[in-house]
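Student:
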Amino acid sequence: MHAVLTSNAYLANQQCVRAISSTTICHVRNLKLDLSNPKTLALHKLYRRESITPREKGYALLTNNRLNKGLAFTLRERFYLGIHGLLPPVFTTEEQQVYRVMKRIREQRTNLHKYVQLDELHTCNKKLFYRVVCKYVKELMPIIHLPTVGLACQKFGAIYRHPKGVYITINDNSISKIYQILSNWRDSDIRVGFTFFLSFEPEIIVVTDGERILGLGDLGAQGMAIPVGKVSIYVALAGIRPENCLPVVIDVGTNNKSYLEDPLYIGLRRNRVRGEEYDLLIDNFMKAVVKKFGRHTLIHFEDFAFQNAFKFLDKYREDYCFFNNDIQGTAAGILAGLIVTTRITKKKLCQQKFLFFGAGQAGLGIAELMVMQMVSEGATKEQACNNIFMIDIEGVSTKAGAFTEDVIKEMATINERPIIFALSNPKEKSECTAEEAIKGSDGKVLFASGSPYDDVEHNGRLFKVSQGSNSYAVPGVALAAVLWKPKKISETAFLIAARVEFSLLIAWNVTSVLYLDICKRSDRRCIREILLTLRKMTSFFQVGEYFFNENLATLYPKPDDLEMYVRHQLYDTSYEDFINKEWEWPEEACKVCAIPVPELDSTSMNDK
225 MHAVLTSNAY
235 LANQQCVRAI
245 SSTTICHVRN
255 LKLDLSNPKT
265 LALHKLYRRE
275 SITPREKGYA
285 LLTNNRLNKG
295 LAFTLRERFY
305 LGIHGLLPPV
315 FTTEEQQVYR
325 VMKRIREQRT
335 NLHKYVQLDE
345 LHTCNKKLFY
355 RVVCKYVKEL
365 MPIIHLPTVG
375 LACQKFGAIY
385 RHPKGVYITI
395 NDNSISKIYQ
405 ILSNWRDSDI
415 RVGFTFFLSF
425 EPEIIVVTDG
435 ERILGLGDLG
445 AQGMAIPVGK
455 VSIYVALAGI
465 RPENCLPVVI
475 DVGTNNKSYL
485 EDPLYIGLRR
495 NRVRGEEYDL
505 LIDNFMKAVV
515 KKFGRHTLIH
525 FEDFAFQNAF
535 KFLDKYREDY
545 CFFNNDIQGT
555 AAGILAGLIV
565 TTRITKKKLC
575 QQKFLFFGAG
585 QAGLGIAELM
595 VMQMVSEGAT
605 KEQACNNIFM
615 IDIEGVSTKA
625 GAFTEDVIKE
635 MATINERPII
645 FALSNPKEKS
655 ECTAEEAIKG
665 SDGKVLFASG
675 SPYDDVEHNG
685 RLFKVSQGSN
695 SYAVPGVALA
705 AVLWKPKKIS
715 ETAFLIAARV
725 EFSLLIAWNV
735 TSVLYLDICK
745 RSDRRCIREI
755 LLTLRKMTSF
765 FQVGEYFFNE
775 NLATLYPKPD
785 DLEMYVRHQL
795 YDTSYEDFIN
805 KEWEWPEEAC
815 KVCAIPVPEL
825 DSTSMNDK
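What follows is the structure, given as structure tokens:
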């Protein structure tokens, strides 16, 4: 009886879907469209993604994480797709599936166990994975990203189960070889624009060589967890389609002796290659990506060593759609936090002095973007540079406890509201803890950390600790790059993203220790839906306008309705209808042809 009711409900729902063309109102990602307007209807038909019945049938369908719905397949779908009897005889809703997943995750003992559980879900059912992450983003962000992703990298060989992305090694050092490897990525040779099940061409490639993973050092090929985590953030926070994201590891060996001797290590067992051969591999990789996927493909570099990060940024920033997240992405997120502090200190950035502990990738990237902001506030470039000081001593980077109690107290003495950002990751490498900063400054500090901390109670007050993350600035830039396909990504795009993130934080009336993560205000609403309701304060709209105004965007023509276009392109975590829609034909056209068929001459068959 349950199955019959489910099937009937499904058919009723399908009747509603098929009748949509006759209705005047349509909702796309919570955007209300008036389809009685001919122009709106025409744009809706142009921008919407079309779905078709998948090629896979039977058991193969259930092993495809892009298509698998688990127990949410309807009875009609189970018959139609050849999976009836392969699933238990029960029909569940998406919310029931989410409940089952979260219950199982919360039963896990450690964050690493939760990471593995989520990884298994991603391998089995990608839609459900992202639905869970989007709904419980505050709870799960520390699992799929910092701080757990660092531990996942260290243990990646032990927890490895399924292919995650593409591995390109020093033994594959030519454009043609790398091109062939990239061609092995799913159905990447299929170039289809809006067809839901066939568009697997990567639009974002997240790549690392594993030499400087967070503050953990050289983890070699086990750094794959970093690109995988970044892809999850792009999908969950920006709505970029996961099938259009490709994680890549460039494996040139590792100098980590413990890994070279570890039987579970999954990379090349050789010392790291450097010099011309390494540079040639990176160059061949960039050219192969463009040759295979096109000039507009966004290439995101992550966790390269200091000397290589800046070298490649200078080399490729003008000729590719390219950015380095450690340098430019981190800068956008931290600058947003610094601009927020000006609302509290009542001083512009150009009126303050800043001291950086270490001159690494993040520090130099932040400083460069700060100079641009100070110049926009009225300072000259020389004056802006004179407001920034750096302590660059060998070995100070990621030195745990570098901000001692005396340092914090001195900061509180010379500043009414001291600004302390302890940004090193993971938490064990942090320059100071949130509790040390708050108690050492008697609650006056404006604090942000690279890793998440629990709230701190001091003198009867509860301080909500903020994470200085680029996870809310960079996805907007990435989405803008995917949608508008710019020739390059300039520093101005990240400056715009920082200012937009600042505007969002102010819109939430932030007055805590520094600023609340957007996550903390959106447990039950998908972040990207919140951002879409604040179009003028959303980075991908603002950055997109910048791309068009500066003649950087290559998408032509520019969409007549940007918001409608964007909403139609975003990844939807709801399940799709897998059965092709049906429509009526004229009765006359369906009649069997009644014209008599003449007999064929059989002479040729009896040819002597």
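Residue 225 is where the sequence shown starts when you use this note's numbering, and the numbers rise one by one after that. Ideal placement from N, C-alpha and C gives every residue a C-beta, glycine not left out. As the structure is a prediction and not an experimental result, all values here were calculated from the model.
Indicate whether N495 and E526 have their beta-carbon atoms separated by less than 8 Å.
Tutor: The answer is no: Cβ separation not under 8 Å.
Student: Mind checking who D475 pairs with in its DSSP beta bridge?
Tutor: T393.
Student: Express the C-alpha separation of M614 and A608 in angstroms, rounding to a whole number.
Tutor: Each residue's Cα considered, the two are about 14 Å apart.
Student: Extract the residue ranges of the alpha helix (DSSP H) inside the segment 663 to 711, only unbroken runs of 4 or more that lie entirely within it.
Tutor: Qualifying alpha helix (DSSP H) stretches, in chain order: 698 to 708.
Student: Can you give the Cα-Cα distance for T735 and G582, rounded to whole angstroms?
Tutor: Summary for T735: the model assigns pLDDT 43, below 50, so the residue's position carries little reliability, and this model does not support an answer.
Student: Go ahead and label Y283 buried or exposed: buried means 16 or more other beta carbons lie within 10 angstroms of its beta carbon, across all protein chains shown.
Tutor: The residue in question, Y283, is exposed, as its Cβ has fewer than 16 Cβ neighbours within 10 Å.
Student: Rounded C-beta distance between I441 and V473? I'm assuming under 8 Å.
Tutor: Ile is not the amino acid found at residue 441; the sequence shown has Gly there. Wrong, their Cβ atoms sit about 16 Å apart, outside the cutoff.
Student: Output the residue ranges of the alpha helix (DSSP H) runs that lie fully inside the segment 296 to 348 and measure 4 residues or longer, sorted by chain position.
Tutor: Listed in chain order, they are 299 to 304, 318 to 330, 335 to 348.
Student: Tell me which same chain residues have a C-beta within less than 6 Å of the C-beta of F353, skipping the five on either side of it?
Tutor: Here the set comprises L345, H346.
Student: Quick check on this structure: which residue in V631, V476, A555 has the alpha carbon closest to the alpha carbon of V595?
Tutor: Among V631, V476, A555, the Cα nearest to that of V595 is on A555.
Student: List, from N- to C-terminal side, the alpha helix (DSSP H) runs of 4 residues or more that fit wholly inside the segment 530 to 599.
Tutor: If we require 4 residues or more, the alpha helix (DSSP H) runs fully inside the segment 530 to 599 come out as 530 to 540, 554 to 569.
Student: How is the alpha helix (DSSP H) around M432 delimited, first residue to last?
Tutor: Note that residue 432 is Thr in the sequence shown here, rather than Met. No alpha helix (DSSP H) contains T432, which is instead part of the beta strand (DSSP E) from 428 to 432.
Student: Could you spell out where the beta strand (DSSP E) holding A646 opens and where it closes?
Tutor: Segment 643 to 646, the beta strand (DSSP E) holding A646.
Student: Have a look at F645 and R410 and give me their C-alpha separation to the nearest angstrom.
Tutor: About 42 Å.
Student: At what residues does the alpha helix (DSSP H) containing L267 begin and finish?
Tutor: Here the alpha helix (DSSP H) through L267 covers 262 to 271.
Student: What would DSSP say about I713, mapped onto helix, strand or coil?
Tutor: Note: I713 maps to coil in three-state DSSP.
Student: To the nearest angstrom, how far is the alpha carbon of H520 from that of S482?
Tutor: Rounded to the nearest angstrom, the two C-alpha atoms are 40 Å apart.
Student: For the structure I just gave you, are there three or more beta carbon pairs, one from the segment 661 to 678 and one from the segment 633 to 651, closer than 8 Å?
Tutor: The segment 661 to 678 is in contact with the segment 633 to 651.
Student: Would you mind working out which of A382, Y403, H386, R385 sits nearest I392, comparing C-alpha positions?
Tutor: When only C-alpha atoms are compared, the closest one is Y403.
Student: So F517 is in the alpha helix (DSSP H); what residue range does that whole segment cover?
Tutor: Counting along the chain, the alpha helix (DSSP H) containing F517 begins and ends at 500 to 517.
Student: In whole angstroms, what is the alpha-carbon distance linking F726 and Q552?
Tutor: Spanning the two alpha carbons is a distance of roughly 16 Å.
Student: On the three-state DSSP scale, how would you describe F525?
Tutor: Residue state, collapsed to three classes: strand.
Student: Counting C-beta neighbours from all protein chains within 10 Å, is the total for V499 16 or more, i.e. buried, or is it exposed?
Tutor: Checking the sequence shown, residue 499 turns out to be Gly, not Val. The residue in question, G499, is exposed, as its Cβ has fewer than 16 Cβ neighbours within 10 Å.
Student: Is M598 near L579, with beta carbons less than 8 Å apart?
Tutor: No, these two residues do not count as a Cβ contact at 8 Å.
Student: List the DSSP bridge partners of M614.
Tutor: DSSP lists F580 as partners of M614.
Student: Alpha carbon to alpha carbon, how far is D747 from Y339?
Tutor: Below a pLDDT of 50, predicted positions are generally treated as unreliable, and D747, at 42, falls in that range; the measurement from the model is reported next regardless. Approximately 19 Å, taken between the alpha carbons.
Student: In or out: H226 buried (at least 16 other Cβ within 10 Å) or exposed?
Tutor: Unreliable placement is indicated for H226, whose pLDDT of 39 sits below 50; the coordinate value is still reported in the next sentence. Exposed, by the Cβ-count rule.
Student: Helix, strand or coil: how does DSSP classify L291 here?
Tutor: Coil at L291, not helix or strand.
Student: Using a 10 Å radius around the Cβ and a threshold of 16 neighbouring Cβ atoms, would you call I638 buried or exposed?
Tutor: Exposed.
Student: Ignore the nearest five residues each way along the sequence and tell me which others in R759's own chain have a CB closer than 7 Å to its CB.
Tutor: Because R759 carries a pLDDT of 49, less than 50, the predicted location of this residue cannot be relied on, and no value is offered for it.
Student: Please determine, among E681, N508, F718, the residue with the shortest C-alpha to C-alpha distance to P699.
Tutor: The shortest C-alpha separation from P699 is found at F718.
Student: Do the CB positions of G389 and G444 come within less than 8 Å of each other?
Tutor: Their beta carbons are not under 8 Å apart, which means G389 does not touch G444 by this criterion.
Student: Can you round the beta-carbon distance between V497 and G477 to whole angstroms, since I take them to be within the 8 Å contact cut?
Tutor: That pair is a contact at about 6 Å.
Student: Check the DSSP bridge columns for C469 and list the partner residues they point to.
Tutor: According to DSSP, which records beta bridges pairwise, C469 is partnered with I428.
Student: Please return the same chain residues whose Cβ sits closer than 6 Å to the Cβ of I563, not counting the five positions on each side in sequence.
Tutor: Correct list, in chain order: F726.
Student: What residues match up with I437 in a beta bridge as DSSP calls it?
Tutor: Answer is G441, bridged to I437.
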